[in-house]
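J.: Take a look at this one; I'll ask things after.
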Amino acid sequence: MKKKDVIIVGAGLSGLACAHFLKQERPELSCLLLEKSEQSGGVIRSHEEEGYLCEWGPHGFLDNKEESREILADLDLMAVMQRAPLKEFHRYLCRRGRLRALPQKPQELITSKLLSPWDKVRLLGDLWKKPLPGHPTIGQWAAYRFGKGVLPLVDAAVTGTFSGDLHRLSMDAVMPGVRRLEVEYGSLLRGMKARAKSGKGKGITSLPAMINFPQGLEILVQRLATGHDIRTGCRVHSLEKSEQGWRLGTDSGVLLAEHVICALPVNAALELLAPFQPPVARVPLSHICNVSLGFVDNNSIPKGFGFLTPECEGRFTLGCMFTSRMFPGRAPQGKVLLEALVGGRRHPERLDLDDTEMIRRVVADLRELLALPEGAPHFARVLRPRGGIPQMEGDHLNLLSWRTALEQNNQGLGLCGFGWDGIGINDMTRSARQAIRALDQPGTDSGAPEVKPVYF
């Protein structure tokens, strides 16, 4: 049995990014990717129908991370990518039944109508509040540092990323860099000011752009998969260390590797790694569906990314993307494409509705906020992605500590993937590179946690 230098389990974005960086940085190593489904690329899939181009999974990513920019350059995608700059395209918040533009920079909150005069004064309480002890949820942390008036805005940010619940998601797990600033400087505002002075905070004050492609986001994983040895339809059901190296039990036999990178979504990884006794069997998931709608373009849809709805508004949709406003070519000439999200951590029961009722309720909800043309949409499709969005709740930090210990105690094993360190495309590419660079130095600290800017 010939042993591979590296076997990557999972050929979604994380696994493909691992293979890409491995070829770039360690071309002498042989590499095999194993994927249980019949198609690589994971949840990143584009859907084209009747001249409309929709997305099953993520709808884009920001162009402000080194690893993702490097991949785009390596794959010759820079010249064809579509950019929707945040400074030109607003997001909107549904507040008291109306859409209001969300501020993109902290200082813009002072003039925004989203906060009352008292709420604006309360923001400065961050300067005197001591660091919040323990492991708070995002909601607890935000209310403590800035007051309850900001919770609808924070809720919108959480909805737009995790489709999650701000009263369950762990602040320490989701935004460890922000927590580090709070502890180090005693105030987030002081910490951000200090970073800006040192030059480390450039990414916080400058606004990036949202990226996609004329063919849809799927072109990214298609290009990434080119030139790699990928075995689809191959499920890995066991993983153990032996004197010969790592033994992987698959449906078609046993494989050997010197190094194994488990690049599966976190719950699939926990199932495979159950013999190593993880602290939890699985993490909670948020499930959503994408209701894609095409209308005649009556110029009522503003130039922007779309809108988000905090839970306090009591609306049916989590939010809606103005897709064809962001990325030209997503709808036929004279039409507009809207993509509304339904479900999420707090309302999984809504996904039980059939497509007809789902479309009816979404259209009714949108009509209360947008001046849509009369009559039924010209195009309607409900996309129900498989899997779900991992929620970094509760003891997620304990899970990350277990992962570090597992890598340190098992030479040649690395873990990355959807839901470990984040859920965005930039999170995946960053952790993939770290996994490759840690092949010979397992469990190494990647340095200070990243301070992620919040873009609504």
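Residue numbers for the sequence shown follow this note's numbering, beginning at 1 and rising by one. All residues carry an ideal CB built from backbone N, CA and C; glycine is no exception. Predicted model, so just to flag it, every value in this text is computed and none were measured.
For R83, which of S238, G216, G424, A331 has the nearest alpha-carbon?
T.: Here the closest residue by C-alpha is G216.
J.: State the DSSP-derived secondary structure class of N409, mapped to helix, strand or coil.
T.: Here N409 sits in helix by DSSP.
J.: Please look up how many angstroms separate the CB atoms of Q391 and R168, rounded, as I've assumed it's under 8 Å.
T.: Indeed, because the Cβ distance is near 7 Å, the residues count as touching under 8 Å.
J.: In whole angstroms, what separates the C-alpha of K120 from that of Q104?
T.: Between K120 and Q104, the C-alpha separation is close to 16 Å.
J.: Taking the alpha carbon of P348 as the reference point, which residue from G10, G387, V221 has its own alpha carbon closest?
T.: P348 has its Cα closest to that of G387, out of G10, G387, V221.
J.: When you compare the stretch 210-228 with the stretch 314-334, are there three or more beta-carbon pairs, one atom per stretch, that lie closer than 8 Å?
T.: The answer is yes - the stretch 314-334 touches the stretch 210-228, with three or more Cβ pairs under 8 Å.
J.: Using the C-alpha atoms, what's the distance from V362 back to P176?
T.: Taking the straight line joining both Cα atoms gives about 35 Å.
J.: Under the DSSP definition of a beta bridge, which residues are partnered with S116?
T.: Answer is none; S116 lacks a bridge partner.
J.: Contact check, G160 vs V266 under 8 Å by CB: the rounded distance?
T.: Actually they do not touch by this definition, with Cβ atoms about 21 Å apart.
J.: Going by other Cβ atoms of all chains shown within 10 Å of its Cβ, with 16 needed for buried, is D352 buried or exposed?
T.: By the neighbour-count rule (16 or more Cβ atoms within 10 Å), D352 is not buried but exposed.
J.: Would L383 and G414 be called neighbours here (beta carbons separated by less than 8 Å)?
T.: No. Outside cutoff.
J.: Quick one: using the 10 Å Cβ neighbour count with 16 as the cut-off for buried, is W246 buried or exposed?
T.: Looking at its Cβ environment, which holds 16 or more other Cβ atoms inside 10 Å, W246 is buried.
J.: Roughly how many whole angstroms lie between the Cα atoms of E25 and H59?
T.: Taking the straight line from one Cα to the other gives about 29 Å.
J.: What do you reckon, are the CB atoms on A263 and I8 nearer than 8 Å?
T.: For A263 and I8, yes; Cβs fall inside 8 Å.
J.: Could you pull out every residue in the same chain whose Cβ sits closer than 8 Å to the Cβ of K3, ignoring the five residues on either side in sequence?
T.: Q244, G245, L256, A257, E258, listed in sequence order.
J.: Round the Cβ separation of D126 and L188 to the nearest angstrom and send it over; I've been treating them as touching at under 8 Å.
T.: Going by Cβ atoms, the distance from D126 to L188 rounds to 6 Å, so yes, they are a contact pair.
J.: Using DSSP with H/G/I as helix, E/B as strand and the rest coil, what is M192?
T.: In the structure shown, M192 sits in a helix (DSSP, three-state: H, G or I).
J.: For a minimum of 4 consecutive residues, which ranges assigned as the alpha helix (DSSP H) are wholly contained in the stretch 278-350?
T.: With a minimum length of 4 residues, the continuous alpha helix (DSSP H) runs that stay inside the stretch 278-350 are 323-326.
J.: Considering just the uninterrupted stretch of the alpha helix (DSSP H) at A364, what are its terminal residues?
T.: Here the alpha helix (DSSP H) through A364 covers 355-367.
J.: Can you tell which of L207, I261, P136 has its C-alpha closest to the C-alpha of V236?
T.: Checking every option, the nearest Cα to that of V236 belongs to I261.
J.: In whole angstroms, what separates the C-alpha of D395 from that of H135?
T.: Straight-line Cα distance between these residues: approximately 9 Å.
J.: Please report the straight-line C-alpha distance between I204 and L62, rounded to a whole angstrom.
T.: Its pLDDT being 49, under 50, I204 is placed unreliably by the model, and the measurement read from it follows with that caveat. So the alpha carbons of these two residues sit roughly 13 Å apart.
J.: With respect to the beta strand (DSSP E) encompassing K23, which residues constitute its N-terminal and C-terminal limits?
T.: Counting along the chain, K23 falls outside any beta strand (DSSP E), though it belongs to the alpha helix (DSSP H) covering 13-25.
J.: So does the stretch 295-310 actually touch the stretch 362-376, counting three or more Cβ pairs closer than 8 Å?
T.: Yes, the stretch 295-310 is in contact with the stretch 362-376.
J.: Please classify V154 as buried or exposed, where buried requires at least 16 neighbouring CB atoms within 10 angstroms.
T.: Its Cβ being crowded by 16 or more others within 10 Å, V154 is buried.
J.: From this set, V43, F162, E67, L273, which residue's C-alpha is nearest L285's C-alpha?
T.: Of the candidates V43, F162, E67, L273, the one whose C-alpha sits nearest the C-alpha of L285 is F162.
J.: Just the Cα atoms here: how many angstroms apart are P310 and A101?
T.: Rounded to the nearest angstrom, the two C-alpha atoms are 14 Å apart.
J.: Would you identify the three-state DSSP class for M81, choosing helix, strand or coil?
T.: The answer is coil: DSSP assigns M81 none of H, G, I, E or B.
J.: Given this structure, state the Cα-to-Cα distance separating M428 from C54, to the nearest angstrom.
T.: The straight-line gap from Cα to Cα measures roughly 22 Å.
J.: Using the Cα positions of S170 and L16, report the straight-line distance between them to the nearest angstrom.
T.: Distance between the alpha carbons of S170 and L16 is about 28 Å.
J.: Nearest CA to the CA of A376: which residue from L166, T356, E240?
T.: Of L166, T356, E240, the residue nearest in Cα terms is T356.
J.: Starting from S46, trace the alpha helix (DSSP H) in both directions and tell me its first and last residue.
T.: Run containing S46: none in the alpha helix (DSSP H); it sits in the beta strand (DSSP E), 46-49.
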